[in-house]
């Protein structure tokens with residue numbers, strides 16, 4: 001095979017669509033259509049959903065699981081608020097509604113899921129966003145802090161430059177693609193007076209383009225209020241904050257790039273974190289706190305060495321802290337005026353600093369503290385790390401970004417249609433707990449049955465959609481961002497020298513014998529080959545390409561192949 005063919009195949013394998021074309025155009029693989037191979041061997045759980053992922057040996061792999069579970073609880077919180085009457089959805093156990101005179105009225109809410117800790121599954125979405133941001137600060141700085149410890153400033157600057165260049169593409173391009181789904185939904189909706197529906201599809205697309213430009217405006221680094229929202233997908237409001245916090249992390253890492261002593265780095269990062277807390281800039285506080293935790297774990301020698309230093313006293317302290325974090329996760333958001341009483345949580349209002357009163361009426365500070373404390377506990381408790389390193393949490397971590405971006409679109413379309421159908425069938429109002437003019441009456445078993453039916457449809461569908469959007473949208477964008485970075489940082493004489501060196505390499509003796517791929521091996525692509533490891537990440541090299549480059553071909557069962565991790569491996573993305 002000549003050099004041109006090799007280049008052509010390298011271009012093709014960058015996109016899974018072209019890999020599928022190569023596979024399907026090979027006559028040796030047509031037997032599946034001739035029923036010589038059973039369709040049951042193709043329609044497997046692994047092929048349809050990507051589950052389960054292969055085991056991972058990275059010491060930070062459990063962070064993927066933590067991120068995935070956070071995205072999962074955001075989904076359950078949003079789905080629950082769509083099914084139950086929203087103005088009292090976060091009401092804790094024993095609370096009552098507040099009338100227009102400001103007095104408690106009506107029967108108390110006594111549903112089991114409103115109890116402390118239990119309510120995390122239903123109402124902890126606010127805290128999960130805080131976990132995202134702490135994880136982002138932690139993981140974005142993890143590799144850079146390792147280089148700072150080693151004094152490898154040159155590689156550090158290169159990594160920071162690459163991460164900064166790719167960050168906008170990594171965060172916003174998936175949002176634009178998913179927003180296009182929302183644009184189509186808005187245009188084809190059956191509601192004649194939908195607020196986003198335009199008079200023509202051309203006008204609808206133009207409205208999307210304008211919305212994307214405003215949303216992705218990188219010059220507006222710090223946004224407040226409704227400036228963070230995208231009209232076609234409300235959950236994207238965290239993306240401008242994620243970009244803002246990421247820029248802080250990169251700038252902070254650059255500032256401490258020459259600081260070798262741990263306590264000096266801690267002083268600088270701690271000052272940024274403390275000042276952000278004082279100014280109630282909760283995004284900067286959480287991101288810088290994530291960097292502070294990463295700096296601490298790096299200094300301790302990693303998670304395993306940190307776990308080895310735990311004593312019975314320290315473990316008890318972190319278990320107690322975990323309990324506090326779980327209790328704070330259920331803190332209902334305070335509204336003005338209040339819709340319901342908040343027994344068990346109202347005493348927290350007196351502890352809110354003055355600067356934080358404008359952040360969701362003081363509720364945001366507790367969402368931040370619970371998320372930060374929860375991550376700190378997970379860092380010190382190996383049992384939590386083992387839980388998050390299990391297959392299902394790590395799978396959720398793999399699809400977490402797309403699960404976060406796409407789940408609400410499903411709820412606004414199919415979920416609402418199913419809710420209205422069940423409510424009409426069982427004599428409820430617009431929500432599953434609304435009956436005969438009250439939101440606390442009705443048969444609780446019937447309410448739970450309606451909730452279970454809708455969730456059993458919505459959740460698997462959301463996971464399946466998130467997986468395929470990850471495969472066809474998110475991963476190509478990751479590769480595209482890296483290609484842009486590579487293209488911008490190479491070229492001219494350097495690129496010509498690289499191509500000439502590649503051509504000379506073709507004439508060199510081979511150190512292996514080409515292995516003819518069987519149909520089974522070709523169908524099990526991609527195969528991981530250790531070519532170059534950067535920031536503890538494997539690169540996927542399809543088996544078709546592996547036979548064309550100078551390295552030893554290794555056939556590994558699918559179950560033992562580690563899954564490629566996210567490009568930036570941040571808390572949400």
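In the UniProt record's numbering, the protein residues as written are 1 to 573.
Positions of the beta carbon are idealized from the N, C-alpha and C atoms, including for glycine.
With a contact defined as Cβ atoms closer than 8 Å, residue 88 and residue 109 qualify at about 7 Å.
Residue 405 is a Cβ neighbour of residue 175, given a cutoff of 8 Å.
Distance from the CA atom of residue 486 to the CA atom of residue 387, rounded to whole angstroms, is 37 Å. Counting along the chain, residue 417 sits inside the alpha helix (DSSP H) bounded by residues 416 to 425. Setting aside the 5 residues that flank it on each side, residue 416 has no residue in the same chain whose C-beta is closer than 6 Å to its C-beta.
Straight-line spacing of the CA atoms in residue 132 and residue 104 works out to 36 Å. The C-alpha of residue 255 lies about 38 Å from the C-alpha of residue 334. Contact check between the stretch 328 to 342 and the stretch 80 to 96: three or more CB pairs, one atom from each, fall below 8 Å, which counts as touching. For residue 381, no alpha helix (DSSP H) segment is defined, and its DSSP state is neither H nor E. The beta carbon of residue 355 sits closer than 6 Å to the beta carbons of 280 from its chain, once the five residues preceding and following it are set aside; these are given in chain order. Setting aside the 5 residues that flank it on each side, residue 162 is surrounded in the same chain by 485, each with a C-beta closer than 7 Å to its C-beta; the list follows chain order. Here residue 98 is bridged, per DSSP, to 104.
By the criterion of a C-beta distance shorter than 8 Å, residue 277 is surrounded in its chain by 285, once the five residues flanking it on both sides are discounted.
The three-state secondary structure of residue 358, taken from DSSP, is coil. Check the Cα spacing between residue 82 and each of 309, 379, 123: the tightest is with 123.
Beta-bridge partners assigned by DSSP to residue 233: 230. Burial state of residue 427 is exposed, judged by a 10 Å Cβ sphere holding fewer than 16 other Cβ atoms. If you draw a straight line from the Cα of residue 181 to the Cα of residue 216, it is about 17 Å long. If you compare the alpha carbons of 171, 257, 369 with that of residue 236, the shortest gap goes to 171. Rounded to the nearest whole angstrom, the CA to CA distance from residue 102 to residue 473 is 49 Å.
The residue from 247, 125, 295 with its alpha-carbon nearest to that of residue 143 is 295. By the 16-neighbour rule on beta-carbons within 10 angstroms, residue 151 is exposed. Separation of residue 380 and residue 314 (C-alpha to C-alpha, rounded to the nearest whole angstrom) is 9 Å.
The stretch 46 to 65 makes no contact with the stretch 350 to 364; the number of CB pairs closer than 8 Å stays below 3.
Around the beta carbon of residue 121, a 10 Å sphere encloses fewer than 16 other beta carbons of the protein chains shown; the residue is thus reported as exposed.
Judged by beta-carbon spacing, residue 328 lies within the 8 Å limit of residue 369, meaning their Cβ atoms are closer than that value. The beta carbons of residue 291 and residue 141 sit closer together than 8 Å. In the DSSP assignment, residue 256 falls outside any alpha helix (DSSP H), carrying neither H nor E. Cβ-Cβ distances below 8 Å link residue 461 to 410, 414 in the same chain, with the five nearest sequence neighbours on each side left out; the list follows chain order.
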